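Chains A and B are the protein sequences, given in the same order.
Each residue of the first sequence is one higher than the last, beginning at 129 in the working numbering.
Each residue of the second sequence is one higher than the last, beginning at 1130 in the working numbering.
The beta-carbon is built from N, C-alpha and C at its ideal position, and this holds for glycine as well.
Note that the coordinates shown come from a computational prediction; the quantities given were computed from them, not determined experimentally.
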Amino acid sequence: MSDALQSLPRFLPELILMGALAVVIVADLLTQRRPLKNSTDLLNGITLVGLLGALVTSWQALGAGEAQSLFASMLADDGLLGVFRPIFCLTSIVVLLLSMRSKELEGVRLGEMLALLLTVTAALMWMAGSVNLVMIYLSLETVSVASYLMVGYLSSDRLSNEASLKYILFGAVSTGAMLFGLSLLYGMTGTLDLYGVRAALAEGTFGPGLLFVLILVAAGIGFKIAAAPFHFWCPDVYTGAPTPVTAFLSVGPKAAGFAILIRFFYLGLAEPAGGGAIAPVGGADWQMLLMILAVITMTLGNVAALLQTNVKRLLAYSSIAHAGTMLMAACVLSVEGVQAIAAYLAIYLFMNLGAFAVVILAHRVTGSFEIGSYAGFWKRSPLLTVAMGIFLFSLMGIPPFAGFLAKWYVFAAVINAGLGWLAVIGVLNAAVAAFYYVKILRVMVIDEDAGPAPALAFSRLDLALLVLLVVPNILGLLFWGSLDRVTEYSQTLLELG
Amino acid sequence: MESMASAAIFYGVAALVLGSALYVVVGKNLVHSAFALVAAFFGVAVFYVYLGADFLAGAQVLIYVGGILTLLLFGVMLTNRIYNLNLRSGAIQVVPGALSAGLVFALLVWIIQSVEWGAMDSGDPGPTSEAIGRLLMGDYLLPFEIASVLLLIALMGAAMLVRRRGKSGS
């Protein structure tokens, strides 16, 4: 019990989110009885305050104090959790702002959506921190259930319902497979603790049984990060879900999936080998497994994205491709790979959410998600076109935008690990990706609109949102400083236990 | 002699579980299937007793047999015309399905045979509920709380879906 009490100060961001959740639920109930004139603003405000509080506290916790295990070794409050917490908070804040401006969510009661957003943010943090098989499963399931509900939020919309159903079916199968794998692992090692699993695996070879466990767990994690061949849900769910939810799915659960991947493989199935490197234990070659997944995911995502005409579908495949790029860094088997993933996610957050912000703002005026409907945008709104250009160039990884830095980290880590062939495949993929990103820009700038269209006008909130997302992408190179702080801190990852 | 009787009971219950589970899948009548499910859940509770997990066996009976199934049966009985409803989906791709199911089965048998399981010597089975209670309030406090958050949003989601349906009137 005293252990739990001592853990509470290190648990502050999650506690703030849970407090905001309670307030939002009660406020939603009260305003349902007696609607105020601006009850939506009230609920949005409470959620925003909760998320900002979590962001500030998690930013302060970053780099303050030693790594420590919380709640009797359920969570590890180390560099990895420290880096991921602000990423989750920022994602949810941007998604909240996007949902205020989304045409799809206009006139819909958002009380439950806000409660789900707060819950899922806390659950993502639990995912990133968990070092116990029970915690891994429970937090993953909480994120999944909340995501299913968010995807199906527009219950009068057929596509949204269909997306939610598809997501549930795929999710149930893959979390079931993962749970089965975890139970087999428990049977082999007799412990739920990841450090205990590592110790037990180091003592013997487990051969085909362990490989089977790896494949099952990879299926569960692969579903969350949308890695091929567990990606089939991704395009349909991204297309059918309300766009702010799509934006959230493309960053939040993906980031947490990578955190679990690092925890499970780097902590549970490998032991420190000196100098920040790790060596797999138990005689299962999971590096090969991850390399195969990375190559399939990148290639499939990029090639399929070439054929898309719907911008949400295109961004779905592009997010699959980005997952493949980050999986490359996961094959590195040293703390450098972990740093590359963390840096990539921190930058990917701004560029991908930025692209979705433009899609949502464009949808307000065109009412369409087809790329063809963006024709003539250069004349209608140079501002939106330039912003989209910055986001897309950043996604391509072209200097001087931040996306270049993200790719730089990943490729440097991969090449340093002696996996040159993997880096070559990655570079080829980045070249393919440039085609479909440029395709969107070409439509916006060169294609002529059919008829005379009015110039677009934006509210102050839209402008603030765009500035918030554009600035980190432009000033990517100035990010060196804070990224160094982040990556330096994530070196503590492998020291605990 | 005692172990013989024990093995006989185990295999009898295993046959019951498998048989009734099979009936749940292939049975044509929904009510019959639901009752077959009772037998299957009950057999699983017997397995838990065999493993010395008394609390789990009790929870299985209370929650699955007592709670979920009763709800399911009420749902079936209160629904009109469900008796004549043919709920079986058509069987397509029987051969590939059977092949992959057989492959998975063979793979699982092979894995279970080949792995050295970290089996624990349980000794004499004793009551486990006190230890479980202590763990839930001690080492496993955080998972316990997170499970309650999960249930909260699941409840909220269920209410959300039902209410929206009612409002739209379809």
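Delimiting residues of the beta strand (DSSP E) encompassing residue i
| i | result |
| --- | --- |
| L203(A) | L203 to D205 |
| P408(A) | I406 to P408 |
Check whether residue i and residue j have beta carbons under 8 Å apart
| i | j | result |
| --- | --- | --- |
| P372(A) | I221(A) | no |
| M479(A) | L442(A) | no |
| M426(A) | T453(A) | yes |
| M202(A) | L1271(B) | yes |
| V259(A) | Y323(A) | yes |
| V365(A) | G404(A) | no |
| L246(A) | L149(A) | yes |
| K382(A) | A485(A) | no |
| Y445(A) | P363(A) | yes |
| A256(A) | A387(A) | yes |
| A375(A) | L511(A) | no |
| A545(A) | L461(A) | yes |
| A291(A) | L244(A) | no |
| L242(A) | V466(A) | no |
| T185(A) | P137(A) | no |
| V1142(B) | V1190(B) | no |
| L1202(B) | A1163(B) | yes |
| T270(A) | L1279(B) | yes |
| G299(A) | S272(A) | yes |
| K352(A) | G380(A) | no |
| V409(A) | A422(A) | no |
| P336(A) | I1240(B) | yes |
| A433(A) | Y564(A) | yes |
| L1166(B) | L1207(B) | no |
| G173(A) | L190(A) | no |
| C636(A) | L603(A) | No answer is possible for residue 636(A): the residues shown for chain A start at 129 and end at 625. |
Beta-carbon contacts of residue i that lie in its chain and below 7 Å, excluding the five residues immediately before and after
| i | result |
| --- | --- |
| G517(A) | L569 |
| L624(A) | Residue confidence is low: L624(A) scores 44 on pLDDT, short of 50, so the model does not pin down where it sits. No coordinate-derived value is stated. |
| S1297(B) | Any answer about S1297(B) is weak, because its pLDDT of 44 lies below 50 and its placement is not dependable; what the coordinates show is given next. So no residue of the chain qualifies. |
| I215(A) | A383, L473, A474 and L477 |
| S509(A) | A583 and L584 |
| M419(A) | C459 and L550 |
Spatial neighbours of residue i in its chain, beta-carbon cut-off 6 Å, leaving aside the 5 residues before and after
| i | result |
| --- | --- |
| S288(A) | G280, L282 and G368 |
| W254(A) | S267 |
| L1185(B) | Y1177 |
| Y502(A) | V571 and M572 |
| L1265(B) | F1273 |
| I469(A) | F386, M454 and A457 |
| P601(A) | What sits at residue 601(A) in the sequence shown is Asn, not Pro. The residues are F478, M479, I518, S522, F529 and A530. |
Terminal residues of the alpha helix (DSSP H) in which residue i lies
| i | result |
| --- | --- |
| L1166(B) | L1159 to Y1179 |
| E142(A) | L140 to R161 |
| Q1222(B) | First-last for Q1222(B): undefined, no H or E at that position. |
| S378(A) | T371 to L389 |
| L266(A) | L261 to V279 |
| D364(A) | W361 to G368 |
| P600(A) | R588 to I602 |
| Y565(A) | G548 to V573 |
| Y323(A) | L322 to A330 |
| I353(A) | G335 to I353 |
| V177(A) | S167 to A189 |
| I1197(B) | That residue, I1197(B), is in no alpha helix (DSSP H); it is neither H nor E in DSSP. |
| A164(A) | Position check: residue 164(A) holds Leu in this sequence, whereas Ala was assumed. From DSSP, L164(A) is part of no alpha helix (DSSP H); its letter is neither H nor E. |
| S230(A) | No alpha helix (DSSP H) contains S230(A), which DSSP labels as neither H nor E. |
| R1263(B) | S1258 to M1266 |
| L133(A) | S130 to S135 |
| D1183(B) | D1183 to A1188 |
Close Cβ partners of residue i (< 8 Å) along its chain, the five nearest in sequence each way excluded
| i | result |
| --- | --- |
| M1289(B) | none |
| A483(A) | L443, M516, F519, L520 and L523 |
For residue i: DSSP bridge partner residues
| i | result |
| --- | --- |
| P400(A) | I406(A) |
| S197(A) | A204(A) |
| D652(A) | Because chain A is modelled from 129 through 625, residue 652(A) falls outside the range shown and cannot be assessed. |
| S258(A) | L203(A) |
Within chain C, the residues that residue i reaches when beta carbons sit closer than 7 Å
| i | result |
| --- | --- |
| P1272(B) | In summary, chain C is missing from the structure at hand, where the protein chains are A and B. |
Minimum length 4: unbroken alpha helix (DSSP H) runs contained in the region 499-529 of chain A = 505-508 and 510-524
In chain order, which continuous runs of the alpha helix (DSSP H) of length 4 or greater are located wholly inside the region 418-499 of chain A?
-> 439-458 and 463-494
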